[in-house]
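Residue numbers (the UniProt record's numbering): 1 to 99. The beta carbon of each residue, even a glycine, is placed where N, CA and C say it ideally should be. Computed from a prediction, not measured in an experiment: that's the story for all the values here. Note sheet for the following structure.
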């Protein structure tokens, strides 16, 4: 009887240890995600969020765009300016290429 209980205990220990590790990792991940979500935004993110308000214009049939539409790298989007310089101004950009 004692041997049977010992074998069952030894057989269950790895799965119990695994469950403990999974729960600990999950709680750590949840805590970290909450911490990241509550941290303030970086200055770059604030610039990206404010950029559409500065040089945004409306193009009929397309919608709101930001940046210089004549540039080859312009994303033609209301959310991102271009692939090369998404946060900076289009004027004076060294990557500017006429379409």
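Check your understanding: Expressed to the nearest angstrom, what Euclidean distance is found between the alpha-carbon atoms of residue 34 and residue 76?
Key -> 34 Å
**Study point:** Secondary structure of residue 22, DSSP reduced to three states
**Key:** helix
Practice item. List the endpoints of the continuous beta strand (DSSP E) containing residue 56. Key: 56 to 59
**Study point:** For residue 92, the three-state DSSP class (helix, strand or coil)
**Key:** coil
**Study point:** Three-state secondary structure assigned by DSSP to residue 98
**Key:** strand
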